[in-house]
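Report on one structure; see the data block that follows.
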Amino acid sequence: MRKIKIFFFGLLFASMLQAQETFPVNGVADKRDGSYAFINATIVTDAQTTISKATLVIKDGKIVAIGTSGVNIPKDAVVIDCKNKFIYPSFVDIYSDYGISQPQRAAGGFNFSAPVQINTNAKGAYGWNQAVHPEVDAVKQFSIDASKAKGLRELGFGSVLTHVKDGIARGTGTFVTLGETKENLVILKDKASAHYSFNKGTSTQSYPSSAMGSIALLRQTYLDANWYKTKPAKEGLNLSLQSWNDNQTLPQIFEAEDKWNEIRADRIGDEFSVQYIIKGGGNEYQRIKEIAATKATFIVGVNYPQAMDVEDPNDARAVSLSDMKHWELAPTNLAALDKANIPFCITSADLKDSKSFLANLRKAIEFGLSETKALEALTKTPASLLGLYDKVGSLETGKLANFIISSGPIFAEKTNILQNWVAGEKFAVKEDQWSDIKGNYTLSIKTENGPIKYTLDVKNASTANVIGKDTLTGKFSYDGKQVKLSFSTTATKKPNEITAGTTPAPQGTPGGFRRGAPSANYRLSGMSNGLSWSGTGEDTVGNKITWTATFDSAFNAPTDSVKKKPSFNQRLAKVTYPFDGYGWEEAPKQETILIKNATIWTNEKEGVLENADLLLKDGKIAKVGKNLSETGARTIDGTGKHVTAGIIDEHSHIAASSINEGGQSVTSEVRIGDNMNPEDINIYRQLSGGVTSSHILHGSANTIGGQTQLMKLRWGADDEGLKFKGSDPFIKFALGENVKRTTATQGNNRFPDTRMGVAEVLNDAFARAKDYEKAMKLDPKTRRDLELDALVEILNKKRFITCHSYVQSEITAAMRVGDKYGFTFNTFTHILEGYKVADKMKAHGSNASTFSDWYYYKVEVTDAIAYNAAIMHQVGLNVCINSDDAEMARRLNQEAGKIVRYGGVSEIEALKMVTLNPAVALHVADKVGSIKAGKDADIVIWSNNPLSIYAKSEKTIVDGIVYWDREKDLEQRKKIQAERYRLTQKMIGEKKSGGPVRPAEPSWQEILSCGDHGHKDGIYTVDVQEVENLKQ
Amino acid sequence: MKKLLYTLTALLAISNYAHSQEVVYPAKDQKGFMYITNGTIHVGNGTVMENATIKINNGKIVEVGTNITVPTDGVQVFNAKGKQIYPGLILSSSDVGLKEISNGVRASNDYAEIGDYNSDVRSITAYNTDSRVINVLKSNGILLASVNPEGGVITGTSSVVQLDAWNWEDAAYKMDAGIHLNMPSFVVRFGRRGGFGAPGAAPSDPTKIALDKVEEIKNFFREAKAYNQENTHSNTNLKLAATKGLFEKKQKLFIHADQVKQMLVAIDFVKEFGFEVVIVGGSESFQIADLLKSANIAVILSEEHALPATEDDDIDQPYKTPAALQKAGVLFSLNDNSDNTRYRNVSYNAGTAATYGLTKEEALSAITLNAAKILGVDDKTGSLEVGKDANIIITAGDILDMKSSTVEHAFIQGRKVSLENKQTQLYERYKYKYGIK
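As given, the protein sequences belong to chains A and B, one line each in that order.
Each residue of the first sequence is one higher than the one before, starting from 1 at the first, in the numbering used here.
Each residue of the second sequence is one higher than the one before, starting from 1 at the first, in the numbering used here.
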């Protein structure tokens, strides 16, 4: 019974201040006004305003007065003297999941070997996709979590926006204080925000399984929701779309977590006139210009990667320079945002160890973040974003009494938060630090033989020395009220040491004395009454005693113990573009270049010109000929060199964040261009092989894959800057084994399972597209469907197909579908049985893009022959040789060389297969693919005949910019080595100085592939599919 | 006997007969004398002889030089004027004849057995001489291959086969030449890119886990050593017995390893057991080339055409790794393990090595004589030297460079083997369809 009583007492205590009218009281009413006056404080009312010797008056959970003179202290107010204390508005975290139970993670995603889940598992009148659940309201799930609230209050937070961190459309967030009264009272705004992400979370539905799928799903949902406003009868009630529309008036918060994803999210917002507040991942500084251009307000954390243990050079080797640089530069992120005038809020949500919050924030300030901005980012900015600045975010009359009392300026290193008041209710944080107890006390122990006096030298709340004849060993603790002291009367050998043992006390040991001190101890326990303490205890033989201690003299801090701030002229890594070892500190510029006396393979009727000159100017080929001159041009001696048009790879999967959206058989709505990854090191590596343009294709997971992206290899450009401007849009289709999921070891349950079905997927898609086009014309209110939009573009010859295909039956079947619906399969790619139906392909008007000599890696390529390209060429097809492999793309010139061998195609025609012919197939032959005045200056200077294995690209030029220069690359390697050395030493230093380190984590290189064939993964390479599986 | 002088064009014409793959016959034994004349001979050991002749008798090379008298009748003569003559190329480590179609056709795969210690498993017993890969390889000049199992820790024994045979007993060139071991990895995959995102839980110490496994493997060999010192056993242990050749140095231990730490541990197997050790893989071997040399460990570089192992590595690192090994004096060979091209491009791997630091003849040795040495068959093949089998290819031009590398003739043990294969047959078929000459 006693326990129960205590429990009730606690409950009553907690809810005393704000009792709810409708709830019954078990006992006598105990309504209090909660009237307090805090006097003599330094009050920082907002980031701009600080008032000294000020008074704050609160009542009923609100601020009723604030200021210096003229603030009337009500007679019924409890007065708290805050001399030497600072009062700040408590912090606001708008990226929390406080009080929300963590959604359970289930296996999901598209997997090449597992069955798919086409439809949602959610029961009810909701939308079609399990990851889109805007109907989820955090407010309905929220319940107070006292321990988490305590943790957040200790960091200085007083209110948070919390939401269910799960799915792509996550529903609404609710804004709550960190009080512990009742849910009814702590919720300040029930629906305060709407939340989104690219991460499907616990959804088990297969779609979307890629970044670009998530983007497409969001775009389609915006369209669907807009259409739903017309109350379409056929849709019935759709609670998801209804909620989506209802949520639009709220602040829209998007969790993006990486600089490129943040930019991608913002683009979706732009398309639908939504300005997201973007939750960032902490690497914004790496692309600050693009981040600023989003014009979004960001929510960022102060979690920095831990140093890695790189003492073992073999472990260190696996850690990339970019990861090491990020370790060094992550604390500069907030300063970079500040400097770029990007508005932001700070969250503690990402911290594994929330206790590091203030320390990390201080580190950000050390690295250049202004204190004003830091405070604003924790108070006014988040409050204003949610339209709740009238309630929280500053200290003003009428606002909630949400404030913290600290021992000093909040961002100063030794400052402690003493109390955190939430809606007028006090929560102790480090109350033991409230009064400065440092100093000398006279300890008087009353024994039968009279008082024994000692000097008690209190260093802090957990360290004190007892000095009699000697300095004595023992333990001391002070928690703001209760004092405990035990000590032995036996002296130690080193009386002046605070840690009195012979070995230093291990970290975390309370008290300055060593644990396990000799057995005969005085044990004292008492209470503090300001500067005098008194209590009881036992002496060394067990006699009861009483004791007192009174303050004598203040503690004099020895001047040399003040910790010096580290000097900040330390060298930091440079932000390069891209943020890779091989990135540029300064991007190369377009130049006027004159190449003299070279062998020029024009790919035009002039053929190969010996001893010829080539002038590149303004990013274009200006002149080809003999004896050219140009003042001011950089002249390159081309003697003995060969010059060709840049290589164009018709089939590549580099430079994208995702490649396959396999969740459905038709996903024409997804776009590779939505998820370009400009940091793929393979861009640079392929430049070294003379590649200047690459056609980035969707994978072959499904029949109608995604929209492709033609790019130029502009190393250092951002995602938009990579795109080949003004080119016709394409889309990837696929036939055969992959789309019928032959390798699905757990069985395929997705239509189609045969080539018969594949043809029907095509027929069905275009039948639907035709109907859709008609319906759109008749009724503009028809639901816009991004999937069908892309197919209608194909029907109208505004979008073109490149189709993964192998065997003759499927090739022919596809062409017949095209004939039926009046479109052409622009390109058949892979097409290893193209030689069997080359005549039909020619009649249909297709281009062919194939491998030189791949064969027999699966059943549908048992008839693959190395003579395929030669036969198709001889039948009259436009033939390209592609890579589909990040390594081989570096040697496409050699792959063309194989066509000379297999089938005797001339060298000139073979070279065209990797230059002009892909340009033709991709409809950009007016811009690239040959050396002709007026075309883009996309040029390679080779050391040897370009079809020879001995040829190396010495320079690769795109738009007249030298992006690859073999000599400069050698210099770059030295820079990488030097910078790696510096950072490795710094990390080792971190370890040696006792800083936290984690095991060296290899920087995995993610290799994306179409899922078509095996790729040999290097030691530190992972297949993205493998990563997806790992994540589950 | 009448003089049989084949001109090269006439020989090419022969291949125009439309055969199906099933009637591409293994060649009959070479009998009597045969001459290959007037060619540029690349011996395989670095020597090049212009306008030289090889004399062959009953499948063996009996003379190589520039002043060999060729009889005017009764012998076979191949005039290789303007052609290049090389030793037959060797795949140092492969699954030829064990893995037919890897993807989606489990039934056609015999390369990975169940279990961790499969030292008794013999690749030769499953080697399929009729694999469709084999005839393609020959047309690219590859005449011999080492065939090894891949499953488990100790995967089994490899055998060297010649690629023109009726059955595996005919094909066997050196049986059970090596035992293969997959060295435990010291790199454990977890999480995503470091720095941001949510890395998964890191194993506390991957090195220790790997070393524990290594110790287990060593224990296996310690017990094997003891077991093989006694001839009679109450409990027969096939796994232990199968390793006897390693201790007697009749077999080599092929350790599949790419990481520095894996290779450093491999040195232990030399020191403790006295094994002859070959590293297969060797991605990071360039970092410890001198250590490998001093431990007398040879290296089979698995794939020249690979991406650099790390983002910061020199972008041409795999291309120039052979030059680093050459410089340190390590015995190494170049292999081709590409599943997409089914190992047909080993000569171009060597070509790339030649572009990035090897001489052309050093690159050639890496796919001929060095491979023969590593596989323990250099007494019989690997170079065009007297006493060795006449395993020879004749090409139109430089074998290392794609565009000139057409193989025109190939001889295994003097037997002139057909270069026809399904690909050439389908080529003919569709040339016929389209009327292409």
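C-beta: ideal position from N, C-alpha, C; glycine also.
Since this is a predicted model, take the numbers as computed values, not measurements.
Test item: CB-CB of residue i and residue j under 7 Å
i      : j      : result
B/A309 : B/S333 : no
A/L205 : A/Q104 : Per the sequence shown, residue 205 of chain A should be read as Gln rather than Leu. Cβ distance not < 7 Å, so A/Q205 and A/Q104 don't count as in contact.
A/Q664 : A/Y276 : no
A/D753 : A/K740 : yes
A/L378 : A/F91  : yes
B/P415 : B/Q30  : Note on identity: in this sequence residue 415 of chain B is Arg, with Pro being the wrong assignment. Yes, these two residues count as a Cβ contact at 7 Å.
B/I300 : B/V277 : no
A/P343 : A/A364 : no
A/I299 : A/Y95  : yes
A/A125 : A/L237 : yes
A/A633 : A/L687 : no
A/I976 : B/D312 : yes
B/A159 : B/S92  : In the sequence on display, residue 159 of chain B carries Ser and not Ala. No.
A/E262 : A/I278 : yes
A/H695 : A/W942 : no
A/E833 : A/D853 : no
A/I253 : A/S193 : yes
A/N882 : A/D649 : yes
For residue j and residue i, believed in contact at Cβ under 8 Å, the rounded distance
i      : j      : result
A/S658 : A/S210 : 4 Å
B/G382 : B/Q84  : About 17 Å; that fails the 8 Å criterion.
A/I865 : A/Y855 : 7 Å
A/I672 : A/Q707 : 6 Å
A/A919 : A/V879 : Wrong, their Cβ atoms sit about 13 Å apart, outside the cutoff.
A/A549 : A/L472 : Between A/L472 and A/A549 the Cβ distance is about 15 Å, and since that is not below 8 Å, they are no contact.
A/I80  : A/T68  : Not a contact, Cβ separation roughly 17 Å.
A/G424 : A/G61  : 3 Å
Enclosing beta strand (DSSP E) for residue i [first to last residue]
i      : result
B/H42  : 33–42
A/P999 : 997–999
A/H195 : 187–197
A/K453 : 450–460
A/G705 : 704–707
A/I39  : 36–46
Terminal residues of the alpha helix (DSSP H) in which residue i lies
i      : result
A/Q972 : 966–992
A/W227 : 211–228
B/W273 : Per the sequence shown, the amino acid found at residue 273 of chain B is Phe instead of Trp. Its alpha helix (DSSP H) spans residues 260–273.
A/M815 : 808–821
Cross-strand partners of residue i (DSSP beta bridge)
i      : result
B/Y86  : B/I393
A/R267 : A/R267 pairs with nothing; no bridge assigned.
A/K712 : A/S693
A/T540 : The partner list for A/T540 (beta bridge, DSSP) is empty, contrary to what the question assumes.
A/M776 : According to DSSP, A/M776 bridges with nothing at all.
Near the ligand ATP: residue i beta-carbon under 6 Å from a heavy atom
i      : result
A/D350 : Looking for the ligand ATP in the displayed structure turns up nothing, as the structure carries no ligands at all.
Every unbroken beta strand (DSSP E) inside the stretch 123–173 of chain B [3 residues or more]: 142–147, 154–162
If you scan the stretch 827–864 of chain A from start to end, which runs of the alpha helix (DSSP H) of 4 or more residues do you find wholly inside it? 838–844
What are the uninterrupted segments assigned as alpha helix (DSSP H) that are 4 or more residues long and contained completely in the stretch 289–334 of chain A, given in chain order? Runs of the alpha helix (DSSP H) lying entirely within the stretch 289–334 of chain A and spanning at least 4 residues, in chain order: 313–317, 321–329.
Which full runs of the beta strand (DSSP E) of 3+ residues lie inside the stretch 299–344 of chain B, going along the chain? 332–334
Going residue by residue through the stretch 385–463 of chain A, where are the continuous beta strand (DSSP E) segments of at least 3 residues, counting only ones entirely within it? 403–406, 417–422, 425–428, 439–447, 450–460
Segments assigned alpha helix (DSSP H), at least 4 residues, entirely inside the stretch 120–169 of chain A: 138–141, 146–155
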